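**Student:**
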Amino acid sequence: MITSKQRAYLRELANGLDPIFQVGKSGIGDTFRKQIFDALEARELIKIKVLPNSDMTAAEVCQELCEGVGANPVQVIGNKVVLYKRSREHKKIILPGEPKPKVKPAYKKTVPDKKQQAKQKGLNRR
């Protein structure tokens, strides 16, 4: 479950997204759920458009997809739905309030810091 601050952050990120799926009169099938699951694994945040000829409302689509693929609803506004699901392998979005991943430096620091330089200067004076 995501908090309201995290949901607001995800809404901000989704503002610039274009819908990558459309739900029409054929509704939501197993292959559509599989495609949504794969897209969420790759992107973590997706936007879906519900066409006017669909038998389902945007809220119904959101509820069914969240239950079907295990996603979190971010926003339902008009005929658009925004879903979020943390990726297992391709984590791209760091939500507010979560610890940032530790990144090891690609190189080892070879330049001595100021304390080491002062010690070396002190040793050279003697």
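Under this note's numbering, residue 120 is the last one in the sequence shown; the count climbs by one each step, no gaps.
Using N, Cα and C, we set each Cβ at its ideal position, and we do this for glycine too.
This structure is a prediction, so every number in the text was calculated from the model and none was measured.
#1: Do you know offhand how far Glu92's Cα is from Lys115's?
#2: Going by beta carbon distance, what residues of the same chain come within less than 8 Å of Ser48, once the five residues before and after it are set aside?
#3: Taking just the CA atoms, how far does Val76 sit from Ala52?
#4: Hey, would you say Ile14 sits closer than 8 Å to Ala36, going by beta carbons?
#5: At what residues does the beta strand (DSSP E) containing Leu34 begin and finish?
#6: Taking the beta strand (DSSP E) that Leu77 belongs to, which residues open and close that run?
#7: Taking C-alpha atoms, which residue in Glu61, Arg82, Gly62, Ile71 lies nearest to Ile42?
#8: Apart from the five residues just before and just after Met(-5), which ones in its own chain have a Cβ nearer than 8 Å to its Cβ?
#9: Assuming Lys79 and Ile88 are in contact, meaning their beta carbons sit under 8 Å apart, how far apart are those beta carbons, in whole angstroms?
#10: My output table needs one value for Lys85: the three-state DSSP class, helix, strand or coil.
**Tutor:** On the basis of the coordinates in this document:
#1: One C-alpha to the other measures close to 44 Å.
#2: Counting only Cβ-Cβ distances below 8 Å, and skipping sequence neighbours, we find Val17, Gly18, Lys19, Gly21, Val55.
#3: Cα-Cα distance, rounded: 10 Å.
#4: Annotated as distal: Ile14 and Ala36, with beta-carbon spacing of 8 Å or more.
#5: Segment 24 to 37 is the alpha helix (DSSP H) holding Leu34; no beta strand (DSSP E) there.
#6: First-last of the beta strand (DSSP E) with Leu77: 74 to 78.
#7: It is Ile71.
#8: Asn66.
#9: Their Cβ separation, rounded to whole angstroms, is 15 Å, which puts Lys79 and Ile88 out of contact at 8 Å.
#10: Of the three classes helix, strand and coil, the one that applies to Lys85 here is coil, per DSSP.
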